[in-house]
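What follows is a short report on a single structure.
Protein chains: 2
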Amino acid sequence: MKIKTYIDKGYKPGRDDLITEYYLEPNRISTEKAADHIAAESSIGTWTDIGTLDQRIIKRLKPSIFDIDKNNRIIKIAYHHELFEPGNMPEILSSIAGNIFGMKSVRNLRLMDIHFPKRIIDSFKGPRYGIEGIRKLTKVSRRPLLGTIIKPKIGLDEKSHARVAYESWAGGLDVVKDDENLSSMSFNSFKKRMKETFRLRDKAEKETGEKKIYMPNITAETFEMLNRAKIVDDFGGEYVMVDIITTGWAGLQTIRDRVKKVLHAHRAMHGALTRNPRHGMSMLAIAKCARLAGTDQLHIGTASIGKMNETGEECMDIEKEIESKRVFEHQNFLAQNWFDIKPVLAVASGGLHPGSIPKLLKKMGNDIVMQFGGGCHGHPDGTRAGASAIRQAADAAMQGVSLKEQAKKSQELASALKKFGIA
Amino acid sequence: MKIKTYIDKGYKPGRDDLITEYYLEPNRISTEKAADHIAAESSIGTWTDIGTLDQRIIKRLKPSIFDIDKNNRIIKIAYHHELFEPGNMPEILSSIAGNIFGMKSVRNLRLMDIHFPKRIIDSFKGPRYGIEGIRKLTKVSRRPLLGTIIKPKIGLDEKSHARVAYESWAGGLDVVKDDENLSSMSFNSFKKRMKETFRLRDKAEKETGEKKIYMPNITAETFEMLNRAKIVDDFGGEYVMVDIITTGWAGLQTIRDRVKKVLHAHRAMHGALTRNPRHGMSMLAIAKCARLAGTDQLHIGTASIGKMNETGEECMDIEKEIESKRVFEHQNFLAQNWFDIKPVLAVASGGLHPGSIPKLLKKMGNDIVMQFGGGCHGHPDGTRAGASAIRQAADAAMQGVSLKEQAKKSQELASALKKFGIA
């Protein structure tokens, strides 16, 4: 049985349809033909007519390319929900973001957005804590969470690591995070690092009277991640960090299922997928998958303020998507009702310093974790002063006081601004 | 402490160094400066000087950019092995293929190749079976393994799926593989599919006197994959298939550790990473990681004969890399000694038909699995005839008989060539 075309511009997507939006540059064929190849390869078709495909299957499962924009570049496909296994993120991506990127029929192809229907939304767990749970746990009710990544990214032994963490908390930060290339090293073993760092976390909490958070990077083979989460639990930690792209979706779903901690998602390698605006997969699409799979916090960039490449708009659109209950169709964004899936707390990180805070706050709002690496430990007077400068800047910004004004009475902030400037 | 530069053209990589090769297009800065940012971000550095980085750490762990080609595009970096956690593929990739793709400093960046030192090679398990183990298990000692992917990719119920599988085996194929978007569906549950398909596998083995292989797609959340592997074991299956990019490296390593089956690796989504020659990650680099992590079989393309995009050369280079004991430095390829890691059997799949076989055999050699989807089930007389045509073509090619000659006495092959032609 041969399928002539998947294009059906009169098709109205049903409430149970999964919808994808692709940017498409065909390769020596028409957009329509390339779109047909994409719809086929991501569902029931192949490159030739086959005897095993019957009318019944076609009627039930054939997707519809229901929109091609006037520039012949943006296509939208509606898929019957039964083409996907509920709750299985790897399978869903193998279909709608799988073989199609490698076909001769396309020169460039980018998965820009995914609309998940309620049936699929309901099959995933989403964040265990979400923004509300995190606010409750950290007892920081209004302002952004302020954190640091221990620097150097890798190289400190366990005791030095814990000491830098302590200085950061003592200086006024809420959060300390491992960097993504620090897991369990010859000179800094996971278990010993937990022991030393949580010991000083307890000390910092006692001394400051504030809740202090450590986000240890448990990224590894799945059972090793579960072991490490158990160690975190033994020391009274509330968070785990997983590098979600290099770990992968199967492991991420496992951690969501089995680890009752706040799940902080780092996104190293995403740029290999997201950077080229004409190919790969948008960070928006990745972020939606991460929300469904259940990350509580997700790195989304710095709205073009830091060292990472992205437009401010892109970053704010992603924040809106992961923090809202419902997003309506606008520009090239598909509608999404998140139903019972909790909102994810956005994380800004990469090249930030105290001088970035007012602009960042204005662009990204209060519901955000601001993470500072070099912008904390690079303070002329060291980590504790760097942490204090960040807290001073954030408190000032929350009260609408300018950093210049605040720096008159906050020595640490004054030194930081002298080194880093104001964004 | 500030690091002035990571460039050290006099540096001679040591036997314990991990070496990466990147294609680099800097963004509004010099190649040297962008290379420095890459070396920093993938190891011990950040965007500013920091007080917590001391001379001892720099001396021990600072990587060296030891080569920049004359066009200022290809750079090579040597990393101290202690920057990586042995046996932790997600962590290694988070370092050398992580944040760097998203930095403002680069416009395009591609991880082209990775040289793994013995210390890291020894920390991974590699394939459990490898080519030799697969040859022994399948009792196919010399010729390529011949297989099909059940088509339509998705849509058949369990019984129809099993029937198509049976026809394929009965017609002469060794292998039947699930397609990547078929996992456990509302109309085709994993367990029932196993029951029906293995029942007919046993029947086909009895009738043909040949070993018949079924490769079920277990791709899902990690524990669900383990459940499914157990079901495969209960029915006497010897293989599992995992879609390695959408599953991710943590889950892949878990399956290698805990499932004593031949591990067939599909690679859906790889094109999002590999397609753009100036960005992302090469299939060669992915294939090396997959070999280390322990896939026994890996899809690498069809040497430009099928529907997927790649040059024949690229494909053959990857095959050489995953099937050899040792690869010497040549052109842009880094040297690699695989020590005790077994070779991986290459899989060619995507748009192949009986007429493709002689050319494919010539290009890719005997140590290969040839997989036919539409090229089998699209036969004018159906699946069994398609399977027979494939076997006839392969047997002829192995004996040096031309397909035209063979078609005179093989009716199924004649019909196939009439429909598909000769590649």
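Protein chains in written order, with my numbering: chain A, 70 to 492; chain B, 70 to 492. C-beta: ideal position from N, C-alpha, C; glycine also.
Bounding residues of the alpha helix (DSSP H) (the contiguous stretch that carries residue i)
{"i": "residue 235 of chain B", "result": "227-240"}
{"i": "residue 301 of chain B", "result": "291-303"}
{"i": "residue 313 of chain A", "result": "313-316"}
{"i": "residue 182 of chain B", "result": "Element bounds for residue 182 of chain B: not the alpha helix (DSSP H) but the beta strand (DSSP E), 175-184."}
{"i": "residue 263 of chain A", "result": "259-277"}
{"i": "residue 200 of chain B", "result": "199-207"}
{"i": "residue 487 of chain A", "result": "480-489"}
{"i": "residue 476 of chain B", "result": "472-476"}
{"i": "residue 492 of chain A", "result": "Segment: none, residue 492 of chain A is in no alpha helix (DSSP H) and carries neither H nor E."}
{"i": "residue 342 of chain A", "result": "339-343"}
{"i": "residue 187 of chain A", "result": "187-190"}
The beta strand (DSSP E) enclosing residue i, as first and last residue numbers
{"i": "residue 418 of chain A", "result": "414-418"}
{"i": "residue 465 of chain B", "result": "Counting along the chain, residue 465 of chain B falls outside any beta strand (DSSP E), though it belongs to the alpha helix (DSSP H) covering 452-467."}
{"i": "residue 158 of chain B", "result": "Counting along the chain, residue 158 of chain B falls outside any beta strand (DSSP E), though it belongs to the alpha helix (DSSP H) covering 158-165."}
{"i": "residue 441 of chain B", "result": "437-441"}
{"i": "residue 216 of chain A", "result": "214-218"}
{"i": "residue 334 of chain B", "result": "331-335"}
{"i": "residue 147 of chain B", "result": "143-148"}
{"i": "residue 282 of chain A", "result": "282-284"}
{"i": "residue 246 of chain A", "result": "244-246"}
Separation of residue j from residue i, as counted between CA atoms
{"i": "residue 142 of chain B", "j": "residue 100 of chain B", "result": "7 angstroms"}
{"i": "residue 59 of chain A", "j": "residue 182 of chain A", "result": "The structure shown does not extend to residue 59 of chain A, since chain A is modelled only from 70 to 492, so the question has no answer here."}
{"i": "residue 95 of chain A", "j": "residue 232 of chain A", "result": "55 angstroms"}
{"i": "residue 177 of chain B", "j": "residue 166 of chain B", "result": "13 angstroms"}
{"i": "residue 440 of chain A", "j": "residue 74 of chain A", "result": "49 angstroms"}
{"i": "residue 116 of chain B", "j": "residue 451 of chain A", "result": "16 angstroms"}
{"i": "residue 288 of chain B", "j": "residue 295 of chain A", "result": "20 angstroms"}
{"i": "residue 364 of chain B", "j": "residue 311 of chain B", "result": "9 angstroms"}
{"i": "residue 213 of chain B", "j": "residue 472 of chain B", "result": "17 angstroms"}
{"i": "residue 435 of chain B", "j": "residue 417 of chain B", "result": "12 angstroms"}
{"i": "residue 361 of chain A", "j": "residue 244 of chain B", "result": "35 angstroms"}
{"i": "residue 359 of chain B", "j": "residue 85 of chain B", "result": "21 angstroms"}
{"i": "residue 250 of chain B", "j": "residue 230 of chain B", "result": "14 angstroms"}
{"i": "residue 349 of chain A", "j": "residue 151 of chain A", "result": "25 angstroms"}
{"i": "residue 122 of chain A", "j": "residue 70 of chain A", "result": "6 angstroms"}
{"i": "residue 408 of chain B", "j": "residue 284 of chain B", "result": "28 angstroms"}
{"i": "residue 412 of chain B", "j": "residue 246 of chain B", "result": "21 angstroms"}
{"i": "residue 347 of chain B", "j": "residue 225 of chain A", "result": "35 angstroms"}
Proximal chain A residues relative to residue i, where beta-carbon distance stays under 7 angstroms
{"i": "residue 376 of chain B", "result": "116, 172, 173"}
{"i": "residue 344 of chain B", "result": "170, 171, 348"}
{"i": "residue 446 of chain B", "result": "119, 120, 121"}
{"i": "residue 254 of chain B", "result": "151, 154"}
Partners in chain B for residue i, counting only beta-carbon separations shorter than 7 angstroms
{"i": "residue 269 of chain A", "result": "The premise fails here: residue 269 of chain A is roughly 15 angstroms from chain B at the closest Cβ pair, so nothing lies under 7 angstroms."}
{"i": "residue 233 of chain A", "result": "121"}
{"i": "residue 323 of chain A", "result": "290, 291, 292"}
{"i": "residue 498 of chain A", "result": "Any property of residue 498 of chain A remains undetermined from this structure, which presents chain A solely from 70 to 492."}
Any chain E beta carbon closer than 8 angstroms to residue i
{"i": "residue 141 of chain A", "result": "Looking for chain E here will not work: the only protein chains present are A and B."}
Chain-ordered neighbours of residue i on chain A, where CB pairs are closer than 9 angstroms
{"i": "residue 318 of chain B", "result": "290, 315, 316, 317, 320"}
{"i": "residue 128 of chain B", "result": "Per Cβ cutoff of 9 angstroms: no residues; residue 128 of chain B is ~10 angstroms from chain A at best."}
{"i": "residue 157 of chain B", "result": "252, 253, 288, 289, 290, 293"}
Within chain A, partners of residue i - CB distance below 8 angstroms
{"i": "residue 167 of chain B", "result": "249, 250, 312, 315, 337, 338"}
{"i": "residue 113 of chain B", "result": "221, 222, 223, 224"}
{"i": "residue 162 of chain B", "result": "315, 337, 338"}
Interface residues of chain B facing residue i [CB-CB closer than 9 angstroms]
{"i": "residue 380 of chain A", "result": "The premise fails here: residue 380 of chain A is roughly 12 angstroms from chain B at the closest Cβ pair, so nothing lies under 9 angstroms."}
Notebook entry, point to check: Which residue spans inside the stretch 346-434 of chain A form an unbroken alpha helix (DSSP H) run of at least 4?
Noted result: Entirely contained in the stretch 346-434 of chain A, the alpha helix (DSSP H) runs reaching 4 residues are, in chain order, 352-362, 381-392, 426-433.
Notebook entry, point to check: Is the stretch 427-444 of chain A touching the stretch 204-222 of chain A, taking contact as three or more C-beta pairs under 8 angstroms?
Noted result: By the C-beta criterion, the stretch 427-444 of chain A is judged to be in contact with the stretch 204-222 of chain A, since at least 3 inter-stretch pairs fall below 8 angstroms.
Next item on the list: For the stretch 95-141 of chain A, list the beta strand (DSSP E) runs that are entirely contained and at least 3 residues long, ordered along the chain.
Entry: With a minimum length of 3 residues, the continuous beta strand (DSSP E) runs that stay inside the stretch 95-141 of chain A are 133-137.
Item checked: Three-pair Cβ contact test at 8 angstroms for the stretch 451-465 of chain B versus the stretch 479-490 of chain B -> Judged by Cβ distances under 8 angstroms, the stretch 451-465 of chain B makes contact with the stretch 479-490 of chain B, as three or more pairs qualify.
Next item on the list: Taking 8 angstroms as the threshold, find out whether the stretch 339-353 of chain B comes into contact with the stretch 121-141 of chain A through three or more Cβ pairs.
Entry: Short answer: they don't touch.
Item checked: Stretch-stretch touch, CB-based, cutoff 8 angstroms, three pairs: the stretch 103-121 of chain A with the stretch 184-191 of chain A -> No, the stretch 103-121 of chain A is not in contact with the stretch 184-191 of chain A.
Next item on the list: Evaluate the contact criterion for the stretch 407-417 of chain B versus the stretch 369-376 of chain B: three or more CB pairs, one atom per stretch, below 8 angstroms.
Entry: In short, these stretches touch, since the Cβ pair count reaches three.
Check: Three or more beta-carbon pairs under 8 angstroms between the stretch 378-391 of chain A and the stretch 400-413 of chain A, yes or no?
Finding: Contact holds: three or more Cβ-Cβ distances are below 8 angstroms.
Note to self: Under 8 angstroms: do the stretch 271-280 of chain A and the stretch 236-256 of chain A share three or more Cβ pairs, one atom per stretch?
What the structure shows: Two segments are said to touch when three or more pairs of C-beta atoms, one from each, lie closer than 8 angstroms; by this definition the stretch 271-280 of chain A touches the stretch 236-256 of chain A.
Margin query: So, does the stretch 192-199 of chain A touch the stretch 265-276 of chain A, judging by three or more C-beta pairs under 8 angstroms?
Written below: Contact between the stretch 192-199 of chain A and the stretch 265-276 of chain A is absent, because fewer than three Cβ pairs lie under 8 angstroms.
Check: Hey, is the stretch 325-335 of chain B in contact with the stretch 151-164 of chain B, meaning 3+ C-beta pairs nearer than 8 angstroms?
Finding: The stretch 325-335 of chain B vs the stretch 151-164 of chain B: no contact.
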